[in-house]
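**Q** One structure coming up, written as structure tokens, with questions to follow.
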Amino acid sequence: MIISFFTLFIIIIIDQIFKAWIVAHLSLGQSMSFLPGIMDFYYVQNKGAGWSLFQGQMTFFMFATLLVCIYFIYLTYKHRKGPWYLRISYGLLLGGAIGNLIDRLRLGYVVDMFRTLFIEFPIFNIADAALTLAVISLLIIQLFSKEELDVL
Numbered sequence: 417m418i419i420s421f422f423t424l425f426i427i428i429i430i431d432q433i434f435k436a437w438i439v440a441h442l443s444l445g446q447s448m449s450f451l452p453g454i455m456d457f458y459y460v461q462n463k464g465a466g467w468s469l470f471q472g473q474m475t476f477f478m479f480a481t482l483l484v485c486i487y488f489i490y491l492t493y494k495h496r497k498g499p500w501y502l503r504i505s506y507g508l509l510l511g512g513a514i515g516n517l518i519d520r521l522r523l524g525y526v527v528d529m530f531r532t533l534f535i536e537f538p539i540f541n542i543a544d545a546a547l548t549l550a551v552i553s554l555l556i557i558q559l560f561s562k563e564e565l566d567v568l
């Protein structure tokens, strides 16, 4: 379980540092070059989910996040002796979920900042990236693991 919680805390810390830096250095709607032609920083306040869906449904998102976190804490405990990559995936998922939950509780919105320039894609943050990576890795583990893990 240590590797899961270590991953969780690292994601939360990096996510919150990036968000604090963006808020301190950019005005809402302002952009700054990050990786020219690929990605820039662009400060937005997201009151919904990805693609700005479900705007203003903060209570729903907080409740849903708490339920997801409780379930994945249970799975983390259940698989505490499972493969390291499974435990890291749980840490990524929990870290991402909690990172965005912190924003919703503290600010009433989620700070997003990474905008891709080469493809139309929602603006996202570190927590979103961790969640995406976790979901993809858990699906791969579930589909291709030689062991019967029941990861979801």
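The numbering used here numbers the first residue of the sequence shown as 417 and each following residue consecutively. A virtual CB, placed ideally from N, CA and C, is assigned to each residue, including glycine.
If you reduce the DSSP assignment to three classes, tell me which class L549 lands in.
**A** Within the sequence shown, the letter at position 133 stands for residue 549. Looking at L549 - three-state DSSP - the assignment turns out to be helix.
**Q** Alpha carbon to alpha carbon, how far is E536 from I486? Give it in angstroms, no decimals.
**A** Here residue 486 is taken as the residue at index 70 of the sequence shown, counted from 1. Here residue 536 is taken as the residue at index 120 of the sequence shown, counted from 1. Roughly 33 Å between the two C-alpha positions.
**Q** By how many angstroms is the C-alpha of L547 removed from the C-alpha of G512?
**A** As a position in the sequence shown, residue 512 is number 96, starting the count at 1. As a position in the sequence shown, residue 547 is number 131, starting the count at 1. Rounded to whole angstroms, G512 to L547 spans 5 Å at the Cα level.
**Q** In its own chain, which residues sit with a C-beta less than 6 Å from the C-beta of I430, not counting the 5 before and 5 after it?
**A** Reading the sequence shown from its first residue, position 14 is the one you call residue 430. Here the set comprises I542.
**Q** According to DSSP, simplified to helix, strand and coil, what is V439?
**A** Position 23 of the sequence shown, counting from 1, holds the residue named residue 439. Correct three-state label for V439: helix.
**Q** For the alpha helix (DSSP H) containing R496, list its first residue and its last residue.
**A** Here residue 496 refers to the residue found at position 80 when the sequence shown is read from its first residue. Neither: R496 is in no alpha helix (DSSP H) and is coded neither H nor E.
**Q** Looking at the structure shown, is L451 part of a helix, part of a strand, or coil, going by DSSP?
**A** Numbered from 1 along the sequence shown, position 35 holds the residue referred to as residue 451. Residue state, collapsed to three classes: strand.
**Q** Should L427 go down as buried or exposed, given a rule of 16 or more other Cβ atoms within 10 Å for buried?
**A** Translated into positions along the sequence shown, residue 427 becomes position 11. Here the sequence assigns Ile to residue 427, which means Leu is not the residue at that position. Per the 10 Å Cβ criterion, buried.
**Q** Nearest-angstrom Cα distance between R520 and L491?
**A** Taking the first residue of the sequence shown as 1, we reach residue 520 at position 104. Taking the first residue of the sequence shown as 1, we reach residue 491 at position 75. Those two C-alpha atoms are separated by around 24 Å.
**Q** Which stretch, first to last residue, makes up the beta strand (DSSP E) that contains D528?
**A** For the purposes of this step, residue 528 is identified with residue 112 of the sequence shown, where counting begins at 1. Membership of D528 in the beta strand (DSSP E) is indicated by the continuous run V526 to T532.
**Q** Just to confirm before moving on: does the CB-CB distance between I489 and L510 stay below 8 Å?
**A** Numbered from its first residue, the sequence shown carries residue 489 at position 73. Numbered from its first residue, the sequence shown carries residue 510 at position 94. It is a contact, given that the beta carbons lie within the stated cut-off.
**Q** Assuming contact is defined by CB atoms lying nearer than 8 Å, are L444 and Q461 in contact in what I supplied?
**A** Working through the sequence shown from its first residue, we reach residue 444 at position 28. Working through the sequence shown from its first residue, we reach residue 461 at position 45. At the C-beta level, L444 and Q461 come within 8 Å of one another.
**Q** For D456, name the three-state secondary structure that DSSP assigns.
**A** By one-based count along the sequence shown, residue 456 stands at place 40. Residue state, collapsed to three classes: strand.
**Q** Taking Cβ to Cβ, would you say M448 is nearer than 8 Å to F457?
**A** Within the sequence shown, numbered from 1, the residue matching residue 448 stands at position 32. Within the sequence shown, numbered from 1, the residue matching residue 457 stands at position 41. In this structure, F457 lies closer than 8 Å to M448 by Cβ.
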